[in-house]
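A.B. asks: Please read through the structure below; I'll follow up with questions.
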Amino acid sequence: MKKVFSRTSSLRDVDTHYCSGCGHGIAHRLIAEAIDELDIREQVIGITPVGCAVIAYNYWNFDCVESPHGRGLAIATAIKRVRPQNIVFTYQGDGDLAAIGTAETIHAANRGENLTVIFINNAVYGMTGGQMAPTTLIGQKTATSPRGRDIGNEGYPLKISEIVAQLPGVYSVERVSCDSPKGVLKAKSAIKAAFKNQMDNKGFSLVEVLSACPTYWSLTPADSLDWMQNTMSKEFPLGKIK
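According to this note's numbering, the sequence shown is numbered sequentially starting from 12.
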C-alpha cells in the first residue's frame, strides 16, 4: 500500500505528554510542517516559555531555547538582533503572552521586531491547575472563578490580537482555530505566512490559535470542539485582523 501520510522531519518520534483532545499537539505539527515546507529547519530557533508547551523542544527537531515565564519575546528579540540570519519564533500560551508577558508582547510588537509569534489561546491556565486566564470567557468556570468569570471582579477577556494590531510596528495579525479539519488547514496557512513574513523582513507577525483544553474545560474532546465553534469563536472572532 502506498504511504500517503507520515511524520514531518521537524517532529521527533516521541510520545506526547498532552491530555487527550489538547490542541497543542496539532499546533506543534503545523509549525513543523510549515518549517519543512519552507525549508528553513536549519535556520529556525524556537522560544518555548513556561506553560503547557514548556517542553515543546522535546517534540521539535530543530534548535529551541527555553525562556522564563513571560519573557519569550525579550529572549527572541535578543537572539534575532544578534543572529538576524536566523528565523526566530515564540510559542506562547495565553497566561504567558497575555498575562505575565504582556509588557514584552506589547513592546516587541510596537518596536516592529522581525519575529513570528504563535499564540495559543485555550482560555485557561493549563499547566498550573486550570486557573482563570486573561482570555477566560465571561461566565466561564475555572479553578479560581468557580462561579464563572465576573465582569465586575475580573473584567473582560483580553483580546490581545486586536490590541497588538493597533500598533504601527505590527505587520500581520491573524486568528485561527484547531476546531475542525478546515480550521486546521487555515491555521497552517496562517503560520506558514507568518514565517514567510519574517523571511521577507516584513516585521512582527502574530498568529493566535484557538486551542482546546478538555481537561480544564471539564468537557469531552468532542464537546470541546463544539464549544470552540459555538462559544469561544464568538468572543474571539476568526480571521485576518491586520
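Just so you know, even glycine gets a beta-carbon here, dropped at the ideal spot from N, CA and C. Just so you know, these numbers come straight off a predicted model, no measurement behind them.
1. Would you mind sorting N164 into buried or exposed? The rule is 16 or more other CB atoms within 10 Å of its CB.
2. For the beta strand (DSSP E) containing Q142, name the first residue and the last one.
3. Using the C-alpha atoms, what's the distance from P60 back to T139?
4. Helix, strand or coil: which one does DSSP assign to F73?
5. Just how far apart, CA to CA, sit D211 and N97?
6. Exposed or buried, what is N133 when buried is set at 16 or more other beta-carbons lying within 10 Å of its beta-carbon?
7. Select from S222, L22 and A85 the residue whose C-alpha is nearest the C-alpha of H127.
8. The beta strand (DSSP E) spanning F100 covers which residue range?
9. Is the number of C-beta pairs between the segment 37-49 and the segment 18-25 that are closer than 8 angstroms three or more?
10. Label G194 either buried or exposed according to how many other C-beta atoms from any shown protein chain fall within 10 Å of its C-beta, with 16 as the threshold for buried.
11. Mind checking I131: buried by the 16 CB within 10 Å criterion, or exposed?
12. What are the boundary residues of the beta strand (DSSP E) that includes T88?
13. What does the alpha-carbon distance come out to for the pair R186 and I202?
14. Can you check which of these residues, F100, C75 and Y29, is closest to K207 by C-alpha distance?
15. Between the C-alpha atoms of S244 and S156, what's the straight-line distance to the nearest angstrom?
16. Just confirm the distance between the C-beta atoms of P145 and A110, as a whole number of angstroms; I'd bet it's less than 8 angstroms.
17. At what residues does the alpha helix (DSSP H) containing G57 begin and finish?
18. Check whether the Cβ atoms of L196 and A120 lie closer than 7 angstroms to each other.
19. Would you mind giving the Cβ-Cβ distance between V218 and I129, rounded to the nearest angstrom? I have them listed as a contact below 8 angstroms.
20. If you run the structure through DSSP and keep just helix, strand and coil, what is I51?
C.D. replies: Walking through what the data contain:
1. exposed
2. That residue, Q142, is in no beta strand (DSSP E); it is neither H nor E in DSSP.
3. 14 angstroms
4. coil
5. 12 angstroms
6. buried
7. A small correction: the amino acid at residue 127 is Thr; His does not occupy that position in the sequence shown. Looking at the Cα atoms, A85 is the closest of the given residues.
8. I98 to G104
9. yes
10. buried
11. buried
12. Element bounds for T88: not the beta strand (DSSP E) but the alpha helix (DSSP H), G83 to V93.
13. 10 angstroms
14. F100
15. 21 angstroms
16. 5 angstroms
17. Segment V55 to T59 is the beta strand (DSSP E) holding G57; no alpha helix (DSSP H) there.
18. no
19. 6 angstroms
20. coil
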